[in-house]
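A.B. asks: Once you've had a glance at the structure underneath, I'll fire off some questions.
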Amino acid sequence: MRTALLAVTFGVLALAGNLPVSAQGQKTPEIKFDFEEEMVGSQPKSFLPIVGNFSIGSEDNNKVLVIDGRKWQQGQTSTGVAERAKTLYGERYAEFLDNVKAFAYFPYAVATRVDDFRQGEISLRFKGISGRIDQGAGILFNLKPNGDYLTVRANPLENNLVLWKFEKGKRSSVKWVRDVPTPTKTWHELKVVIKGNTVDALLNGKRILTHELAAPVSGKIGVWSKADSHMYIDDYRVVSDSVAP
């Protein structure tokens, strides 16, 4: 993993001197979460856990975000979820909490310092460690104050890539792509590119999935998993033409 150029609050790194250039020739902001400023063994500060068990771990002296479903229990929200909901949505936190329990089969954590992602790229690296039921790693986006969201996820046990929709306490698949191997205990890169209503998903640099949404994206973002998945996450990056900090 490359050395961070500028450390910012909560371990979020903004690469101010090497920003990508948009099609119009204007620089676009990049935010990088590489966890190097976090403390091993503690809950992350750069991501707010909502459902499931999240912590900072280490692999070969490199810090990673650990999604640990080995002690997963259905219906289990993260400790302190009410206070985190207040941090995310202020006085609207009660509406958000009403739907969290409905999604408690699916661990997720919300990225700090990105309040409203609308268009651009979100990417991460993931490594499946274990999981008998699932080994899911996904990019969560379009998270609304009522708890609705979208996610693109890979799964080393199923060898597929899926765009899911979570709405009013119910999950439904939007688009599946099968025969997409992501072997366990190997690092892979997952990327979501959003432009207007179009969502493209890339795996290890190859475009796998494309879908036209009914409406443009606007909301918070994060990482997503499922059930007993034990996963490592690293190098979470956000590059956008329209991030509201």
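Per this note's numbering: the sequence shown = residues 265 to 509. Virtual Cβ for every residue (Gly too), placed ideally from N, Cα, C. Since this is a predicted model, take the numbers as computed values, not measurements.
1) Helix or strand or just coil, what does DSSP make of E301?
2) Scan the segment 437 to 509 and note each continuous beta strand (DSSP E) run of 3 residues or more that stays entirely inside, going in chain order.
3) State the DSSP-derived secondary structure class of T415, mapped to helix, strand or coil.
4) In angstroms, rounded to a whole number, what distance separates the CA positions of V304 and G321?
5) Where do the ends of the beta strand (DSSP E) carrying Y372 lie?
6) Starting from R389, follow the beta strand (DSSP E) in both directions and report where the run begins and ends.
7) Can you tell me whether G402 is helix, strand or coil according to DSSP?
8) Go ahead and pull the three-state DSSP assignment for Q288.
9) If you drop the 5 nearest sequence neighbours on each side, which residues of the same chain put their C-beta closer than 6 Å to that of V457?
10) Cutting at 7 Å between CB atoms, please list the residues of its own chain near N325, excluding the five before and the five after it.
11) If you draw a straight line from the C-alpha of L454 to the C-alpha of S306, how long is it?
12) Could you say if the segment 482 to 493 and the segment 396 to 406 meet the contact criterion of at least three C-beta pairs nearer than 8 Å?
13) With 16 other CB atoms within 10 Å as the buried threshold, where does A375 fall?
14) Based on Cα-Cα distance, which residue from L425, K335, K327 and V315 lies nearest to A373?
15) Exposed or buried, which one is A479 when buried takes at least 16 other CB atoms within 10 Å?
16) In chain order, what residues of the same chain have a beta carbon less than 6 Å from the beta carbon of G486, not counting five sequence neighbours either side?
17) Closest to V444 by CA distance: which of W451, L467, G433 and K459 is it?
18) Is it true that the CB of R442 sits closer than 8 Å to the CB of N419?
19) My output table needs one value for A422: the three-state DSSP class, helix, strand or coil.
C.D. replies: Based on what the coordinates show:
1) coil
2) 451 to 459, 462 to 467, 470 to 476, 484 to 488 and 494 to 504
3) strand
4) 5 Å
5) Per DSSP, Y372 belongs to the beta strand (DSSP E) from Y372 to A375.
6) G384 to S394
7) It is a strand residue.
8) The predicted model places Q288 with a pLDDT of 44, which falls under 50 and marks its position as unreliable; any figure quoted below should be read in that light. Secondary structure of Q288 (DSSP, three-state): coil.
9) E385 and D464
10) none
11) 25 Å
12) yes
13) Only buried fits A375, as 16 or more other CB atoms lie within 10 angstroms of its CB.
14) V315
15) exposed
16) Y372, A373, V374, A375 and L404
17) L467
18) no
19) The question names Ala, but residue 422 is Glu in the sequence shown. Looking at E422 - three-state DSSP - the assignment turns out to be coil, as it is neither helix nor strand.
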